[in-house]
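Trainee: Here this note's numbering is used: the first residue of the sequence shown is 197, the next is one more, and so on. Don't be surprised by glycine CBs; every beta carbon is placed ideally from N, CA and C.
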Amino acid sequence: MDRRHFLGFTLTAFAALSAGCRGKQFARVSQPGDADMVGSHQAGAETFKPLTEEAVAKLLGRHVTHVHQASHVGGPEQLPPPGMRVCFVGVENKSAEEIGDFKEQLYQVIDSKILESGVFQAISKRYVDAALRETRLRPDSLFIPQNMRMFTAFLEQQGQPFDYLLYATITSGTTRENQEFQRDYLLTLEMVNVHDGQYDKQSAAISKTYHKSRIGRVMQALQ
197 MDRRHFLGFT LTAFAALSAG CRGKQFARVS QPGDADMVGS HQAGAETFKP LTEEAVAKLL
257 GRHVTHVHQA SHVGGPEQLP PPGMRVCFVG VENKSAEEIG DFKEQLYQVI DSKILESGVF
317 QAISKRYVDA ALRETRLRPD SLFIPQNMRM FTAFLEQQGQ PFDYLLYATI TSGTTRENQE
377 FQRDYLLTLE MVNVHDGQYD KQSAAISKTY HKSRIGRVMQ ALQ
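1) Going by beta carbon distance, what residues of the same chain come within less than 6 Å of tyrosine 406, once the five residues before and after it are set aside?
2) Measure the alpha-carbon distance for leucine 257 versus glutamine 394 and round it to whole angstroms.
3) Looking at the unbroken alpha helix (DSSP H) that takes in glutamine 301, where does it start and where does it end?
4) Apart from the five residues just before and just after valine 225, which ones in its own chain have a Cβ nearer than 8 Å to its Cβ?
5) Could you tell me the alpha carbon to alpha carbon distance between leucine 361 and phenylalanine 339, rounded to whole angstroms?
6) Does DSSP put tyrosine 406 in a helix, a strand or coil?
7) Taking the beta carbon of threonine 248 as the centre, do at least 16 other beta carbons fall within 10 Å, making it buried, or is it exposed?
8) Aspartate 336 and lysine 321: beta carbons closer than 9 Å?
9) Looking at the strands, I want to know which residues DSSP matches up with valine 388.
10) Run the CB neighbour count on arginine 334, radius 10 Å, all protein chains shown included, and call it buried at 16 or more, exposed below.
11) How about glutamine 304 and alanine 326: do their beta carbons lie closer than 9 Å?
12) How big is the Cα-Cα spacing for serine 403 and threonine 370?
13) Hey, quick one: how far does the alpha helix (DSSP H) through glutamate 352 stretch, first residue to last?
14) With DSSP as the reference, identify every bridge partner of serine 368, one or two as the case may be.
15) Considering only their Cβ atoms, is the gap separating phenylalanine 244 from isoleucine 295 smaller than 9 Å?
16) Determine the direct distance from the alpha carbon of valine 388 to that of alanine 266, and round the result to whole angstroms.
17) From arginine 329 to phenylalanine 316, what distance separates their C-alpha atoms?
18) Let me know if arginine 372 comes out buried or exposed under the rule of 16 or more other beta-carbons within 10 Å of its beta-carbon.
19) Inspect the beta-carbon positions of valine 252 and valine 285 and report whether they are closer than 9 Å.
20) Flag this pair as yes or no: are the beta carbons of glutamate 288 and alanine 364 separated by less than 9 Å?
21) Over the uninterrupted beta strand (DSSP E) stretch that includes arginine 281, give me the two end residues.
22) For glutamine 317, list the residues DSSP reports as bridge partners.
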């Protein structure tokens with residue numbers, strides 16, 4: 197068989213194999229300790245999971261330390277102050293990518309960690325969504341005094357008063373080099389005291405490089 201016929205046979209065989217595999221999908225259950233799959237075109241679990249863990253841990257850790265110190269003022273018998281009530285109004289995506297179902301998952305993960313901290317008391321998302329829907333307000337419009345009073349009054353009527361508003365925002369910055377690019381992701385948590393307007397802020401960042409081909413990825417690793 198000459199080279200021409202061999203190449204023709206190889207391409208035909210490859211096409212037949214591809215047609216046979218088309219439409220089939222395979223999966224496996226990830227085990228504890230397995231690395232997250234790395235998204236080839238945009239951020240995924242490998243990006244959002246460490247961002248969330250770092251930002252929430254730092255924010256909560258700072259307030260845990262503050263509450264622990266305050267509880268010892270005046271003697272060891274003094275009880276710690278009651279948990280501050282937090283109204284988490286949502287995750288805002290200002291990055292260059294659509295984050296799809298990760299937006300809801302990020303909300304649930306952050307909300308759960310707040311609840312588990314023992315420092316804050318979180319208001320159920322169902323109450324928050326109902327308040328936004330009934331008052332016809334957007335999360336970013338709550339800093340207008342009249343809107344804040346309306347929103348607060350609705351939740352108080354439902355037996356859900358709160359001390360802080362919590363916002364989560366995802367942003368990104370892109371650096372390009374020919375056909376490859378690096379994207380820097382930033383998750384920022386802002387917690388605003390509704391009584392005096394003071395706020396706390398915590399961010400976490402992670403960078404990810406996207407290659408046009410696997411060869412580009414190998415070349416970067418060798419540099």
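Mentor: A quick look at the data gives this:
1) Position 210 of the sequence shown, counted from the start, is the residue given in the question as residue 406. If we look at tyrosine 406 and ignore the five residues flanking it on each side, its Cβ neighbours are Phe377.
2) For the purposes of this step, residue 257 is taken as the residue at position 61 of the sequence shown. For the purposes of this step, residue 394 is taken as the residue at position 198 of the sequence shown. The residue asked about is misnamed: residue 257 is glycine in this sequence, not leucine. Approximately 18 Å between the Cα atoms of the pair.
3) For this step, residue 301 is matched to residue 105 along the sequence shown. 298 to 313 is the extent of the alpha helix (DSSP H) around glutamine 301.
4) Translated into positions along the sequence shown, residue 225 becomes position 29. Bear in mind that a pLDDT of 46 at valine 225, under 50, signals an unreliable position, so the number given afterwards is only what the model happens to contain. No residues qualify anywhere along the chain.
5) As a position in the sequence shown, residue 361 is number 165, starting the count at 1. As a position in the sequence shown, residue 339 is number 143, starting the count at 1. Taking the straight line from one Cα to the other gives about 10 Å.
6) Along the sequence shown, one-based indexing puts residue 406 at 210. In the structure shown, tyrosine 406 sits in a strand (DSSP, three-state: E or B).
7) Within the sequence shown, numbered from 1, the residue matching residue 248 stands at position 52. By the 10 Å Cβ count, threonine 248 comes out buried.
8) Within the sequence shown, numbered from 1, the residue matching residue 336 stands at position 140. Within the sequence shown, numbered from 1, the residue matching residue 321 stands at position 125. Going by C-beta atoms, aspartate 336 is not nearer than 9 Å to lysine 321.
9) For the purposes of this step, residue 388 is taken as the residue at position 192 of the sequence shown. Valine 388 pairs with Leu361 and Tyr395.
10) On the sequence shown, residue 334 is found 138 positions in, with the first residue counted as 1. Looking at its Cβ environment, which holds fewer than 16 other Cβ atoms inside 10 Å, arginine 334 is exposed.
11) Walking along the sequence shown from the start, residue 304 turns up at place 108. Walking along the sequence shown from the start, residue 326 turns up at place 130. Not in contact: glutamine 304 and alanine 326 (Cβ atoms no closer than 9 Å).
12) Against the sequence shown, residue 403 aligns to sequence position 207. Against the sequence shown, residue 370 aligns to sequence position 174. In a straight line, the C-alpha of serine 403 is about 10 Å away from that of threonine 370.
13) As a working note, residue 352 is residue 156 in the sequence shown. Bounds of the alpha helix (DSSP H) holding glutamate 352 are 341 to 353.
14) One-based indexing of the sequence shown puts residue 368 at position 172. Its beta-bridge partners are Tyr381.
15) One-based indexing of the sequence shown puts residue 295 at position 99. One-based indexing of the sequence shown puts residue 244 at position 48. Going by C-beta atoms, isoleucine 295 is nearer than 9 Å to phenylalanine 244.
16) In the sequence shown, residue 266 corresponds to position 70, counting from 1. In the sequence shown, residue 388 corresponds to position 192, counting from 1. Its pLDDT being 48, under 50, alanine 266 is placed unreliably by the model, and the measurement read from it follows with that caveat. Their Cα atoms are separated by approximately 20 Å.
17) Residue 329 sits at position 133 when you count from the first residue of the sequence shown. Residue 316 sits at position 120 when you count from the first residue of the sequence shown. Within the model, the alpha-carbon separation for arginine 329 versus phenylalanine 316 is close to 24 Å.
18) Taking the first residue of the sequence shown as 1, we reach residue 372 at position 176. By the neighbour-count rule (16 or more Cβ atoms within 10 Å), arginine 372 is not buried but exposed.
19) Taking the sequence shown and counting its residues from 1, one reaches residue 252 at position 56. Taking the sequence shown and counting its residues from 1, one reaches residue 285 at position 89. No.
20) As a first step, residue 288 must be located in the sequence shown, where it is residue number 92. As a first step, residue 364 must be located in the sequence shown, where it is residue number 168. Judged by beta-carbon spacing, alanine 364 lies within the 9 Å limit of glutamate 288, meaning their Cβ atoms are closer than that value.
21) Residue mapping note: residue 281 aligns to position 85 of the sequence shown, counting from 1. 280 to 289 is the span of the beta strand (DSSP E), which, as asked, contains arginine 281.
22) Stepping through the sequence shown from its first residue, residue 317 is reached at position 121. Under DSSP, glutamine 317 forms a beta bridge with Arg281.
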